[in-house]
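First to last, the sequence lines map onto chains G and S.
For the first sequence, the positions run 42 to 301 when my numbering is used.
For the second sequence, the positions run 42 to 301 when my numbering is used.
Every residue, glycine too, gets a C-beta built ideally from N, C-alpha and C.
Just so we're clear, the structure is a prediction, and the values are computed from it rather than from any experiment.
Each remark here refers to the structure printed beneath this line.
2 protein chains.
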Amino acid sequence: MKRGTGMPGSTAKDILNIDRDSFEPAYLQLVRIFKAQIASGKYRPGAKLPSEAVICKKYGLSPMTVRRAINLLIDQGVVRTVQGSGTFVRGVKLSASSFNLQELMELIQDENGTQVKVLEMDIAKASPEVAERLGLASGDNVIHARRLLLTRGHPVVYHHGHLLYDPQRPIVEGELDVTSLRGLFSGAGQTDIKKGLMSVQAVTLGEQEAGLLKREQGSPAFRLEHTFYDFDDRPVSYGWFVCPADRLLFTAKIGHWDEE
Amino acid sequence: MKRGTGMPGSTAKDILNIDRDSFEPAYLQLVRIFKAQIASGKYRPGAKLPSEAVICKKYGLSPMTVRRAINLLIDQGVVRTVQGSGTFVRGVKLSASSFNLQELMELIQDENGTQVKVLEMDIAKASPEVAERLGLASGDNVIHARRLLLTRGHPVVYHHGHLLYDPQRPIVEGELDVTSLRGLFSGAGQTDIKKGLMSVQAVTLGEQEAGLLKREQGSPAFRLEHTFYDFDDRPVSYGWFVCPADRLLFTAKIGHWDEE
DNA sequence: AAGTGGTCTAGACCACGGC
DNA sequence: CCGTGGTCTAGACCACTTA
């Protein structure tokens, strides 16, 4: 009676019922069942789901297991619970849209032919703006980096970064070459950075950027600004990525989708 | 011995320990405790947390409660678990950045002085592109809407939308005036829309848009395209919002922050 | 008062990793 | 082998809503 290969005696794909022999945990099966029923229109936004006790009986599960499934549905924004009243299906709300950097990541992690061209990499005096961002005095030394990322020979992202220069500390290792960016995106290694603040802006390309990215001056692009902090809450890295609009797009699904 | 007002005998703010009399559930307290310890640097990225059994003993909690806390930390991207091995603190990864429409929402929901100026609202033949998006034949009727949102008299968002025109069905009610947009953003009402697809692009303003939004032609802006579907999976609404770059910015926090 | 969601217990058995 | 995370049970008590 343990999970393992698949279905023993039950009919092939018995959706809407818990298969105790499935590799898939019962609570996930329950989540799937309710999402399917909502997507099918059986439960419309605003509708009330059966009470937890009823669900327990119907599927032969213990309250904790049912609760776990419902908590997942809540986290995913599918339902809403009101204590003492019931569990209700949520409507679509635009503000629930959540965009991530998946697309940008895939651009950079294109293993086939991503290369980094270092345009500049040296130690320089911080400009007033950079000094403020990094919490330094104007004129302090920072590592200044300008890089161009190319996939299959075509420029796709321009990065301009400023790193804290502190002879004491081993340079925030990684930020200095290709691996660096890959590491930041994939999350490997990284033990010196505690947190970061990111923002996305819409901009038009200046003369220099346009030249580097081989686009028309004034053409639209995303500007992704970042500030990273170490475990002492000191900002250690400030900079931005510029990516032409024709190479990048953020997408999001909202509401009730049958499958991910 | 039940949850209620606050602390009975324990010292004021005994962080790092579970207060059984707090209004805050034990599992949330545990989450807070671990996040604080990680943010403080006690557990660095890559470090291994105590085993669940140890945590149970240390805080006098049952396994399910501890597990629930850890599951939350996993969902929040704070830790990663490896079966048979342990629970480990995750490093910062750029691709975890998640942006939402909070900022845009606040623009529109500025109760003080948001108003909608309807520029156009009529029934027209669908253009080939719109027809394709809405799954219609070119030339079918659609409701065509162009609106300008202003806060305190200043234009901030331009919306261009196309709605399925079907005499059969009560018009996807809401999409037609201010309340509409508010409703979509806040998620009130809405029982006819099942799901939506959104995308964010960087663009430059055309002549007409620039005029309406009182900006320079060619200045940068966000274009937020949307397609909404009903419970029969028919696209019922296609359109886009245009918002000048100087009025909008998407931000995200990644990594380990002490407080939200 | 009855029904609902919310939290929590004290175990159980399993699958997996490393010694 | 033992320790780890992963799932699940069969209840308990509480707070809240509704009538």
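(Q) Taking the alpha-carbon of S179(S) as reference, which of E65(S), G82(S), G296(S) and P169(S) has the nearest alpha-carbon? (A) What you label residue 179(S) is simply residue 138 of the second sequence in a count that begins at 1. In terms of Cα proximity to S179(S), the closest of E65(S), G82(S), G296(S) and P169(S) is P169(S).
**Q.** Contacts of H297(S) in chain G (Cβ-Cβ under 7 angstroms)
**A.** The count along the second sequence starts at 1 and reaches residue 297(S) at position 256. When 7 angstroms is used as the limit between beta carbons, H297(S) is near these residues of chain G: K235 and K236, in chain order.
Q) Counting pairs of beta carbons, one from the segment 231-246 of chain G and one from the segment 286-297 of chain S, are three or more of them closer than 8 angstroms? A) Yes: at least three Cβ pairs fall under 8 angstroms.
Q. I think E161(G) touches R187(G), with their Cβ atoms under 8 angstroms apart; what is that distance to the nearest whole Å?
A. Locating residue 161(G) in the first sequence gives position 120, where the first residue counts as 1. Locating residue 187(G) in the first sequence gives position 146, where the first residue counts as 1. Contact between E161(G) and R187(G) holds: CB atoms are separated by about 4 angstroms, below the 8 angstroms threshold.
Q. Which of helix, strand or coil does DSSP assign to R61(S)?
A. Here residue 61(S) corresponds to residue number 20 of the second sequence, with the count starting at 1. Look at R61(S) here: in three-state DSSP terms it is coil, with no helix or strand label.
Q.
With three or more C-beta pairs closer than 8 angstroms as the rule, is the segment 101-114 of chain S touching the segment 252-267 of chain S?
A. With the cut-off at 8 angstroms, the segment 252-267 of chain S and the segment 101-114 of chain S do not touch.
Q. According to the Cβ coordinates, are F263(G) and V283(G) closer than 9 angstroms?
A. Start at 1 with the first residue of the first sequence, and residue 263(G) comes out as number 222. Start at 1 with the first residue of the first sequence, and residue 283(G) comes out as number 242. Their beta carbons are under 9 angstroms apart, which means F263(G) touches V283(G) by this criterion.
Q) Can you tell me whether H195(G) is buried or exposed, with buried defined as 16 or more other CB within 10 angstroms of its CB? A) Here the question's residue 195(G) lines up with position 154 in the first sequence. Around the CB of H195(G), fewer than 16 other CB atoms lie within 10 Å, so the residue is classed as exposed.
Q: Give, in chain order, every unbroken run of the beta strand (DSSP E) that is at least 3 residues long and sits entirely within the segment 84-130 of chain G.
A: Listed in chain order, the complete beta strand (DSSP E) runs (minimum 3 residues) inside the segment 84-130 of chain G are 120-123 and 127-130.
Q: Give every residue of the same chain whose Cβ lies closer than 8 angstroms to the Cβ of H203(G), excluding the five residues on either side of it in the sequence, and list them in chain order.
A: On the first sequence, position 162 is the one that residue 203(G) refers to. A167, V171, R174, L175, V183, I184, H185, A186, S278, Y279 and G280, listed in sequence order.
(Q) I'd like to check one pair, L190(S) with T155(S): are the Cβ atoms closer than 9 angstroms? (A) Taking the second sequence and counting its residues from 1, the one referred to as residue 155(S) is at position 114. Taking the second sequence and counting its residues from 1, the one referred to as residue 190(S) is at position 149. Yes, they are a contact pair.
Q) Rounded to whole angstroms, how far is the Cβ of S81(S) from the Cβ of Q70(S), which I believe are closer than 8 angstroms? A) For the purposes of this step, residue 81(S) is taken as residue 40 along the second sequence, with counting starting at 1. For the purposes of this step, residue 70(S) is taken as residue 29 along the second sequence, with counting starting at 1. Not a contact, Cβ separation roughly 16 angstroms.
Q. Alpha carbon to alpha carbon, what distance is there between G87(G) and S126(G)?
A. Taking the first sequence and counting its residues from 1, the one referred to as residue 126(G) is at position 85. Taking the first sequence and counting its residues from 1, the one referred to as residue 87(G) is at position 46. Looking at the two C-alpha atoms, the distance is approximately 13 angstroms.
Q | Option in L90(S), T122(S), G247(S) and G101(S) with minimal Cα separation from I59(S) | A | To locate residue 59(S), count along the second sequence from 1; it is residue 18. Among L90(S), T122(S), G247(S) and G101(S), the Cα nearest to that of I59(S) belongs to G101(S).
**Q.** Unbroken alpha helix (DSSP H) run spanning I74(S), endpoints
**A.** Start at 1 with the first residue of the second sequence, and residue 74(S) comes out as number 33. Going by DSSP, I74(S) is part of the alpha helix (DSSP H) stretching over A67 to A80.
Q.
Only counting the same chain, and skipping five residues up and downstream in sequence, which positions put a Cβ closer than 6 angstroms to that of E266(G)?
A. By 1-based counting over the first sequence, the position of residue 266(G) is 225. Excluding sequence neighbours, E266(G) sits near S240 and W281.
Q. For V130(S), which residues from the same chain have a beta carbon less than 6 angstroms from its beta carbon, with the 5 sequence-adjacent residues on both sides left out?
A. As a first step, residue 130(S) is located in the second sequence; it is residue number 89 there, counting from the start. Its chain contains I79, Y84, P86, A88 and V120 as the residues whose beta carbon lies nearer than 6 angstroms to that of V130(S), once the 5 sequence neighbours on both sides are disregarded; these appear in chain order.
Q. Ends of the beta strand (DSSP E) at E257(S)?
A. Here residue 257(S) refers to the residue found at position 216 of the second sequence. E257(S) -> no beta strand (DSSP E), and no H or E assigned at all.
Q: Check distances from the C-beta atoms of the segment 62-85 of chain G to those of chain S and list, in chain order, the residues that come in under 9 angstroms.
A: Under the 9 angstroms Cβ criterion, the segment 62-85 of chain G contributes I79, A80, S81, G82 and R85.
Q.
What would DSSP say about A262(G), mapped onto helix, strand or coil?
A. Position 221 of the first sequence, counted from the start, is the residue given in the question as residue 262(G). A262(G) falls in the strand class under three-state DSSP.
Q. So what does DSSP say about S51(S), is it helix, strand or coil?
A. Mapped onto the second sequence, residue 51(S) falls at position 10. Caution is warranted here: a pLDDT of 42 is assigned to S51(S), below 50, making its placement in the model unreliable, and no coordinate value can be reported.
Q) Just the Cα atoms here: how many angstroms apart are V107(S) and F272(G)? A) Here residue 107(S) refers to the residue found at position 66 when the second sequence is read from its first residue. Here residue 272(G) refers to the residue found at position 231 when the first sequence is read from its first residue. CA-to-CA, the gap between V107(S) and F272(G) works out to about 26 angstroms.
Q. Who are the neighbours of D116(S) on chain G, taking C-beta pairs under 7 angstroms?
A. The residue you call residue 116(S) lines up with position 75 of the second sequence. Identification of chain G residues near D116(S) by a Cβ-Cβ cut-off of 7 angstroms yields D116, ordered along the chain.
**Q.** is_contact[L290(G), chain S] using C-beta, thresh 9 angstroms
**A.** Sequence index remark: in the first sequence, residue 290(G) carries index 249 (1-based). The beta carbon of L290(G) falls within 9 angstroms of a beta carbon belonging to chain S, placing the residue at that interface.
**Q.** Whole-angstrom distance between A243(S) and G132(S), CA atom to CA atom
**A.** As a first step, residue 132(S) must be located in the second sequence, where it is residue number 91. As a first step, residue 243(S) must be located in the second sequence, where it is residue number 202. About 30 angstroms.
Q) Got a sec: is the Cβ-Cβ distance from L204(G) to anything in chain S below 9 angstroms? A) Taking the first sequence and counting its residues from 1, one reaches residue 204(G) at position 163. No, L204(G) does not count as interfacial toward chain S.
Q | Cα-Cα separation between S103(S) and K158(G), rounded to whole angstroms | A | Here residue 103(S) is taken as the residue at index 62 of the second sequence, counted from 1. Here residue 158(G) is taken as the residue at index 117 of the first sequence, counted from 1. Each residue's CA atom was taken as its position, placing S103(S) and K158(G) some 54 angstroms apart.
(Q) Which same chain residues end up closer than 6 angstroms to R193(S) when comparing Cβ atoms and leaving out the 5 residues on each side of it in sequence? (A) The count along the second sequence starts at 1 and reaches residue 193(S) at position 152. Excluding positions up to five away in sequence, the list reads G154.
Q: Specify, as a first and last residue, the run of the beta strand (DSSP E) that I184(S) falls within.
A: Counted from its first residue, the second sequence places residue 184(S) at position 143. Run containing I184(S): N182 to T192, per the beta strand (DSSP E) assignment.
Q.
Measuring only the C-alpha atoms, how far is Y206(S) from L246(S)?
A. Against the second sequence, residue 206(S) aligns to sequence position 165. Against the second sequence, residue 246(S) aligns to sequence position 205. Cα to Cα, the separation comes out at about 29 angstroms.
(Q) Tell me which residues share the same chain as R303(G) and place their Cβ nearer than 6 angstroms to its Cβ, disregarding the 5 neighbours each side in the sequence. (A) This structure cannot speak to residue 303(G), because chain G is shown only from 42 to 301.
(Q) Strictly below 9 angstroms CB to CB, what residues from chain G border K294(S)? (A) Position 253 of the second sequence, counted from the start, is the residue given in the question as residue 294(S). The answer, in chain order, is K236, G237, L238 and M239.
**Q.** Local conformation of V133(G) per DSSP, three classes
**A.** Locating residue 133(G) in the first sequence gives position 92, counting from the first residue. It is coil, neither helix nor strand.
Q | Which listed residue (Q150(S), Q117(S) and T122(S)) has its alpha carbon closest to that of S139(S) | A | Taking the second sequence and counting its residues from 1, the one referred to as residue 139(S) is at position 98. Selected option, being the one with the closest Cα: Q117(S).
Q | For P276(S): DSSP bridge partner residues | A | The residue you call residue 276(S) lines up with position 235 of the second sequence. Bridge partners of P276(S): Y270(S).
Q) Does the beta-carbon distance from L254(S) to E144(S) come in below 9 angstroms? A) Within the second sequence, numbered from 1, the residue matching residue 254(S) stands at position 213. Within the second sequence, numbered from 1, the residue matching residue 144(S) stands at position 103. Cβ atoms of L254(S) and E144(S): not closer than 9 angstroms.
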